[in-house]
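For the working numbering, add 5 to where a residue sits in the sequence shown, where the first one is 1.
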Amino acid sequence: MSILTAPSFQVDTHGYYGPFGGAFIPEMLFDNIEHLRRNYLSIIDDPAFQADFHRLLRDYVGRPTPLYPAPRLSQRYGSRIFLKREDLNHTGAHKINNAIGQILLAQHLGKTRIIAETGAGQHGVATATVCALVGLPCVVYMGELDVARQAPNVARMRMLGAEVRPVTSGSRTLKDATNEAIRDWINHPEDTHYIIGSAVGPHPYPDMVTRFQSVISAEMRNQLQEQTGMPNPDMVIACVGGGSNAAGAFFHYLEETSVQLVAVEAAGLGIDSGHSAATSVLGTEGIIHGSKTLLMQTEDGQIIEPYSLSAGLDYPGIGPLHAHLIKTGRASTYSVTDAEALAAALELTRLEGIIPALESAHALAALDKITFQPDQVVVLCLSGRGDKDMATYIDHLDQNPTA
Numbered sequence: 006m007s008i009l010t011a012p013s014f015q016v017d018t019h020g021y022y023g024p025f026g027g028a029f030i031p032e033m034l035f036d037n038i039e040h041l042r043r044n045y046l047s048i049i050d051d052p053a054f055q056a057d058f059h060r061l062l063r064d065y066v067g068r069p070t071p072l073y074p075a076p077r078l079s080q081r082y083g084s085r086i087f088l089k090r091e092d093l094n095h096t097g098a099h100k101i102n103n104a105i106g107q108i109l110l111a112q113h114l115g116k117t118r119i120i121a122e123t124g125a126g127q128h129g130v131a132t133a134t135v136c137a138l139v140g141l142p143c144v145v146y147m148g149e150l151d152v153a154r155q156a157p158n159v160a161r162m163r164m165l166g167a168e169v170r171p172v173t174s175g176s177r178t179l180k181d182a183t184n185e186a187i188r189d190w191i192n193h194p195e196d197t198h199y200i201i202g203s204a205v206g207p208h209p210y211p212d213m214v215t216r217f218q219s220v221i222s223a224e225m226r227n228q229l230q231e232q233t234g235m236p237n238p239d240m241v242i243a244c245v246g247g248g249s250n251a252a253g254a255f256f257h258y259l260e261e262t263s264v265q266l267v268a269v270e271a272a273g274l275g276i277d278s279g280h281s282a283a284t285s286v287l288g289t290e291g292i293i294h295g296s297k298t299l300l301m302q303t304e305d306g307q308i309i310e311p312y313s314l315s316a317g318l319d320y321p322g323i324g325p326l327h328a329h330l331i332k333t334g335r336a337s338t339y340s341v342t343d344a345e346a347l348a349a350a351l352e353l354t355r356l357e358g359i360i361p362a363l364e365s366a367h368a369l370a371a372l373d374k375i376t377f378q379p380d381q382v383v384v385l386c387l388s389g390r391g392d393k394d395m396a397t398y399i400d401h402l403d404q405n406p407t408a
């Protein structure tokens, strides 16, 4: 399908973005998903819900986040680069936008228990935070490997009152945490709401998460109008694992085909190294966690374990919206290695005094792969701050003292 003939990049009434999406779920979850599908739009669109949502985003989260014109980074790459500072949100990442929306939705649905999955820990922290805010019990599933490499976020979740359950199966990362969260939901369908943290999973989750995160691009439009005199940039860049920050950053530009959308994936040790998470290159159509999308799999449909130094990008698939954007050519993709992401993180820190999350560092590394024009306006979504990755950064500096 050509981007010139595509009628829309919005989800259709059956939960599909082109050929991707849908709800491929076990029978035990059908009633839960169907109840959510029938009700989420009427709840979210209600003026009272919107008032509560935006009040909390303003007074609790600290929105709007700044759109920062990065002068030294712009000089380095010969363009006008703006950073959308999602790292300045309460809890340190974009994840809180969706968590606020879904906890309000859960209350409207009468749910009394919350579960979540997390990789980098930012979604787990955001979910634990909103559960503490409204007084609901919270269980967060997290791969055992991620528990070890994201210890500060594990401590935050526990301090906030959440129970963190390490997952020891598979690669012990995000994919496996998601599997366990789904099993929990199957066993507790009546009282439990599953707050999925990315634009993945069965419909309506990809659309619902994207709607809550679309506050990012809504603010970008207003801020660009104020700072440049135009609401549209030439390019929007964001990292993509499941893809919630990218979905939010792209949302209000999906139909604006003059705006280039750039999705940046984790190449790990290299695309062809066998230790990668570059789904757009290595993936084929298949079903994972209730959705048809692009994922890394063998010829007989077994999932290939992903790898990335960044826990939030260590996922074998991408959200169905992004699969559709990439397959239609609406979005272009770049794959960034661990080493390139670490170098980009240090570059931003030393040019602008901002320490990014490793996930965001992948988006930053794409700047070195793109040829810019001096008058181009480029917005990069800085999805999170680097506090959680300090142990990784310290190890890198210790091993590379001249870096």
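Note that the Cβ used here is the ideal one computed from N, Cα and C, for glycine as well.
Whole angstroms is fine: what's the gap from Thr284's alpha carbon to Phe35's? 28 Å
Name the one or two DSSP bridge partners that Gly88 has. Before going on, a small fix: residue 88 reads as Leu here, not Gly. DSSP, once it has assigned bridges, lists Tyr73 and Leu385 as partnering Leu88.
Whole beta strand (DSSP E) elements within the stretch 253-308, 3-residue minimum: 265-273, 289-293 and 296-300
Under 8 Å by Cβ, that's how I've got His208 and Gly23 pegged, so tell me the actual separation to the nearest angstrom. That belief does not hold up - the Cβ atoms of His208 and Gly23 are roughly 13 Å apart, past 8 Å.
For a test of the three-state rule: what should DSSP assign to Gly358, helix, strand or coil? coil
Status (buried if at least 16 other CB within 10 Å, exposed otherwise) for Gln228: buried
Supposed contact pair Thr178 and Asp196 - C-beta distance, whole angstroms, cut 8 Å: Between Thr178 and Asp196 the Cβ distance is about 28 Å, and since that is not below 8 Å, they are no contact.
Give the DSSP-derived three-state secondary structure of Thr134 in the structure shown. helix
Do the CB positions of Ile206 and Ala131 come within less than 9 Å of each other? Here the sequence assigns Gly to residue 206, which means Ile is not the residue at that position. No.
Would you mind sorting Lys374 into buried or exposed? The rule is 16 or more other CB atoms within 10 Å of its CB. exposed
Along the chain, where does the alpha helix (DSSP H) that runs through Gly106 open and close? Lys100 to His113
Rounded straight-line distance, which links the Cα of Arg77 to that of Gly295: 43 Å
Residues in the same chain with beta-carbon distance under 6 Å from Ser176, minus the five sequence neighbours each way, listed in chain order, please. Glu310
Ignore the nearest five residues each way along the sequence and tell me which others in Thr397's own chain have a CB closer than 6 Å to its CB. none
On a CA-only basis, which of Gln381, Ala271, Thr354 and Thr183 is nearest Gly391? Give me that one, please. Thr354
Kindly list the residues whose CB is nearer than 6 Å to the CB of Gly246, restricted to its own chain and excluding five residues on each side of it in sequence; keep chain order. Gly317, Leu318 and Tyr320
DSSP-derived helix/strand/coil call for Ala346: helix
Alpha carbon of Glu149 to alpha carbon of Gln107, nearest angstrom: 26 Å
Is it right to say Asn192 is buried, meaning 16 or more other beta carbons lie within 10 angstroms of its own, or is it exposed? exposed
Going by CA-CA distance only, name the one from Asp277, Thr233 and Ser219 that's closest to Pro69. Ser219
I'd like to check one pair, Gln127 with Ala362: are the Cβ atoms closer than 9 Å? yes
Paired residues, beta bridge with Phe25 - DSSP: Tyr22
Span of the beta strand (DSSP E) holding His95? Here His95 belongs to no beta strand (DSSP E), and DSSP marks it neither H nor E.
Alpha carbon to alpha carbon, how far is Leu114 from Leu41? 8 Å
Cβ-based burial, Phe29 [other Cβ within 10 Å; buried from 16]: exposed
From Asn158, Met225, Asp50 and Asn184, pick the residue whose C-alpha is nearest to that of Ile293; which is it? Asn184
With distances taken from CA atoms, which of Pro238, Asp181, Asp189 and Ala254 is nearest Thr215? Ala254
Reducing DSSP to helix, strand and coil, say where Val139 ends up. helix
Ile187 burial status per 10 Å Cβ neighbour count (16 or more: buried): buried
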